[in-house]
Amino acid sequence: MNLYRVNRNTFYLLLAFMIALSTLAFGFPGLSGKALGAGTFSVSGTKIVDRNGAEFVVKGVNVNGEYWPWTRNTANDAGLIVDNWKFNTIRVNMYPRLAYNGVAKTQDISAIVNAYTAKGAIVIIENHDVTGRYPEASPVTEGSDRYPSLSEMVTWWKDMAVRFKDNDRVWFNPMNEPGIGTYSLADSVNKWYSTNDTLIGAIRSVAPSNIIVVDDHDYGQGNGFVNGASSNDSAIVSKGTQLKSKYTNLVFSVHMYEKWTSGETRFNNYVNTIRTKGLPIIVGEYGVGNNADVSVVDSMFAVAVPNNVGRIAWAWTGDDIFDLTTGTTQGGGYEINSTTSPTNLSWFGDKTWKDNRGTLSVPLYTWVAPLDNGDFEGGLRNWNNWSGSSDDTSLKYAGYHSLKIASGSAGGAGQFAVLKKNKTYKLTARGKHSATASTATALGIKWTVGGVETNYPLNFTSSSWDYKEVTFTTPNSEMGDMILYIWKADSGVQFNADNITLTEQ
Ligand SMILES: [Ca+2]
Ligand SMILES: [Ca+2]
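Written out as structure tokens, the structure reads:
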């Protein structure tokens with residue numbers, strides 16, 4: 001089910017694009033606690049230390065928790081995950097609000113904690129309810145969705161904290177990917193601080209020492225740190241020190257997806273900035289769901305491995321497009337064809353398998369195509385439908401497929417492009433409208449550097465298959481928010497695109 005990761009990306013992209021349009025005006029041992037005489041898992045400066053005081057580097061995987069819509073039993077996979085894959089941590093995705101949407105409780109968190117901590121693994125319990133937003137004073141209902149209030153989340157977290165406070169291998173992650181919602185970056189960092197202060201305060205009132213993992217804002221991505229330390233891109237950078245001054249044993253966490261495409265320099269700066277403040281940082285989610293994610297994971301490993309930044313893969317069961325195995329039913333990690341040397345791992349699965357064994361050589365510098373499926377012969381693979389887009393097999397310029405953006409409303413599609421700095425590229429495309437468009441459909445590529453956007457649109461209006469191209473050179477600095485986009489502003493016509501190429505010259 002792509003819903004939870006991919007729809008998030010789609011929503012985010014659409015939002016960002018609409019803002020851009022308005023700007024442009026074109027439109028384990030011991031089930032219940034620590035071994036006698038040993039220390040506890042805790043935070044020491046920028047490091048996490050184990051019961052013996054040795055540095056502990058998280059190497060984890062995200063797994064199904066209570067009310068999660070994917071149903072594979074997590075407790076039963078402890079042998080596969082810990083003994084075979086050699087993950088030392090699981091991050092348990094709990095989604096209590098989905099009980100209101102008819103999602104059944106198919107997992108039991110106590111059974112999961114018992115199964116994994118018995119093997120010595122860390123169990124991070126996370127709450128997914130306010131992804132992309134914050135809990136407010138009252139519950140919020142939007143359509144079939146009911147978002148909990150802050151006080152309801154306090155009650156939920158106190159219950160978890162009471163149940164697991166004596167097991168230092170259970171960590172708490174109060175909000176998955178909080179904010180921004182309707183907040184500005186500047187207002188979001190304040191909301192991030194106050195909400196975390198309330199939730200962490202509630203947990204600490206009953207569980208004084210379990211490690212607490214705090215996700216960055218902006219869907220956990222810290223805006224890809226595109227504007228750097230002096231901005232509010234990262235709530236951890238802006239407000240982490242203030243939280244640390246009130247609470248011990250805090251670990252901060254970033255999720256790395258599209259915002260971090262080609263982001264090695266930015267990620268290195270991000271980690272250094274946070275560590276200079278004396279704060280520990282881990283990667284709470286990483287994975288490969290599209291072409292550009294290869295570049296993200298490549299950059300992540302390049303910085304994380306030599307610097308002992310912990311990392312947690314998304315996700316175990318392969319119910320979405322983030323697959324650890326290939327040629328399997330779902331792409332799940334449990335579908336390995338050997339428990340010792342599997343040959344059916346995906347690129348992402350292979351890197352994670354080796355990383356868990358300490359045999360991953362970095363940097364990887366994997367070649368990533370600037371664009372995937374530009375001829376649409378793979379249907380909509382790697383493309384995000386922002387509105388009105390579909391795979392068209394009746395009208396096409398070449399092959400058997402094109403992309404159609406329906407008439408009746410404005411609409412568009414896009415994908416995360418992967419461009420290198422200081423290189424010349426050529427973008428070419430074919431486009432056709434059902435009738436001459438009153439406002440041009442823009443098919444182009446854009447990125448930002450230091451908050452300044454560069455955009456190369458190809459403008460189509462013709463009712464016949466038109467060819468357009470543009471050649472451009474990228475700046476000699478790391479770009480953020482790279483998107484190849486198609487946006488049809490004229491609601492009265494249909495637009496088809498085909499044969500899109502983006503090549504390094
Ligand atoms: Ca899958
Ligand atoms: Ca085609």
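Counting from 1, one number per residue, gives the positions in the sequence shown under full-length UniProt numbering.
Ideal placement from N, C-alpha and C gives every residue a C-beta, glycine not left out.
Around the beta carbon of R204, a 10 Å sphere encloses 16 or more other beta carbons of the protein chains shown; the residue is thus reported as buried. Exclusion of the five residues before and after G220 leaves N176, E177, P178, S253, V254, H255, G284 and E285 as the residues of its chain whose Cβ lies within less than 8 Å of its Cβ. The region 189–200 makes contact with the region 236–253, as at least three CB pairs between them are under 8 Å. Of the candidates Y67, I124 and E264, I124 places its Cα closest to the Cα of F87.
Taking W316 as the centre and dropping the five residues before and after it, the same chain places the C-beta of V61, V63 and G333 closer than 6 Å to its C-beta, in chain order. Looking at the backbone, the Cα of P475 and that of K423 are separated by about 8 Å.
For Y397, the Cβ falls inside the 7 Å cut-off from some heavy atom of ligand 2.
The three-state secondary structure of A99, taken from DSSP, is helix. By DSSP's assignment, R311 forms a beta bridge with K59 and V283. Proximity of the beta carbon of N499 to ligand 2 is indicated: a heavy atom of the ligand is located closer than 7 Å.
The shortest CA-to-CA distance from D216 to any of N210, F225, S209 and P208 is the one to F225. A direct Cα-Cα distance of roughly 12 Å separates L427 from N455. As computed with DSSP, F376 is found in no beta bridge at all. The count of Cβ pairs closer than 8 Å, one atom from the region 341–361 and one from the region 273–284, stays below three, leaving the stretches out of contact.
According to the DSSP assignment, I211 belongs to no alpha helix (DSSP H), since it is labelled neither H nor E. CA-CA distance, N337 to K239, rounds to 46 Å. In the same chain as Q494, and ignoring 5 residues on each side of it, the C-beta atoms closer than 8 Å to its own belong to K404, I405, A406, S407, H433 and S434, in chain order.
Rounded to whole angstroms, the Cβ separation of I312 and T46 is 18 Å, and the two are not in contact under 8 Å.
Annotated three-state conformation of L443 is strand, per DSSP.
With respect to T328, E335 sits close: the two C-beta atoms are nearer than 8 Å. Residues D129, R146, Y147 and P148 of the same chain have their beta carbon placed closer than 7 Å to that of R97, with the five preceding and five following residues left out of the count. DSSP places M482 in the uninterrupted beta strand (DSSP E) bounded by G480 to K488. Residue N290 holds the alpha-carbon nearest to the alpha-carbon of D320 among V305, L345 and N290. Beta-bridge partners of D498 (DSSP): R430. Per DSSP, the beta bridge partners of A413 are N385 and I486. Placement of the Cβ of D293 at a distance of 7 Å or more from every heavy atom of ligand 1 is found. Inclusion of S188 and A235 in the CB contact set at 8 Å is warranted, their separation being smaller than that value.
The DSSP assignment places 185–206 as complete runs of the alpha helix (DSSP H) inside the region 167–242, in order along the chain (cut-off: 4 residues). Rounded to whole angstroms, the Cβ separation of K446 and Y400 is 30 Å, and the two are not in contact under 8 Å.
Of the residues T501, S209, W68 and D50, the one whose Cα lies closest to the Cα of D372 is T501.
Following the DSSP letters along the chain, one finds D350 inside the alpha helix (DSSP H) bounded by residues W347 to R357.
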